[in-house]
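Here is the structure we will look at, set down as structure tokens.
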Amino acid sequence: MLITRLAKVAMVAAIAAFTTLVAFGNITDYGTNFVFVQHVLSMDSVFPNSTITYRAITSPALHHAAYAIIIAAEALTAVLCWFGALALLRRLRAPAAAFNRAKTISIAGLTLGFLTWQFGFMTVGGEWFGMWQSAKWNGVPSAFRFAVVIIAVLIFVAMRDEEMESSPAPRIPPSS
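Oh and the sequence shown: position 151 is 169 in the working numbering, straight run, nothing missing.
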């Protein structure tokens with residue numbers, strides 16, 4: 019159905035717009051979220067008696083490197099999703115096989131987005147660096163929301179599309 023294909027294009031474009039704004043904000047307002055990364059990696063706000071603080075990274079150079087990787091992942095997610103949405107849009111009325119093949123770039127972008135927030139923020143930041151222990155610098159709830167939205171779109175987009183139904187030609191009654 020055309021509406022299903024349009025929904026897939028719109029949802030990939032919505033993730034592209036979101037990740038574009040996130041990357042743009044991190045680039046143009048570098049310092050605001052850099053402080054977040056700095057505190058998470060330094061583990062300076064985890065529970066006072068936490069025994070995992072040996073994992074802390076206190077090097078400013080490594081803080082900047084980690085933040086650059088985060089921004090690059092967000093920006094690449096945006097680029098892949100924009101190109102993916104365009105590829106789907108260009109094959110909107112194509113045979114199912116062509117439309118399904120056009121999903122590759124979208125799937126790559128959505129997967130990278132999911133991994134950025136689920137693995138990068140929830141696994142590495144949340145669990146390894148104990149971000150969940152911080153009352154002020156806990157980004158796990160936001161990362162979870164982003165990851166769930168992205169994985170939902172990824173699942174929907176990855177569902178195979180069938181051939182579109184063609185409208186039957188209008189039936190013209192025979193003339194007498």
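Cβ atoms here follow ideal geometry from the backbone N, Cα and C, with glycine treated the same way. Treat the numbers as computed from the prediction; the structure is a model and nothing was measured.
**Message:** What residue range does the alpha helix (DSSP H) around A103 cover?
**Reply:** 78-108
**Message:** On the DSSP letters alone, give me the boundaries of the alpha helix (DSSP H) that G43 sits inside.
**Reply:** 20-46
**Prompt:** Does R108 come within less than 7 Å of chain C when only Cβ atoms are used?
**Reply:** Included in the structure is just one protein chain, with no chain C present.
**Item:** Residue from A25, M29, S60, L24 whose Cα sits closest to the Cα of G148
**Value:** S60
**Request:** Output yes or no for whether 7 Å exceeds the beta carbon distance between A103 and A34.
**Result:** yes
**Request:** Go through its chain and collect everything with a Cβ distance to V171's Cβ below 8 Å, but skip five positions before and after it.
**Result:** M29, V30, A32, I33, L128
**Message:** Less than 8 Å between C-beta atoms, sequence neighbours within five positions excluded: which residues of the same chain meet that for R108?
**Reply:** For R108, where only same-chain residues beyond five positions count, the Cβ hits under 8 Å are A120.
**Request:** In the DSSP assignment, find the alpha helix (DSSP H) that holds I125 and state where it starts and stops.
**Result:** Run containing I125: 121-133, per the alpha helix (DSSP H) assignment.
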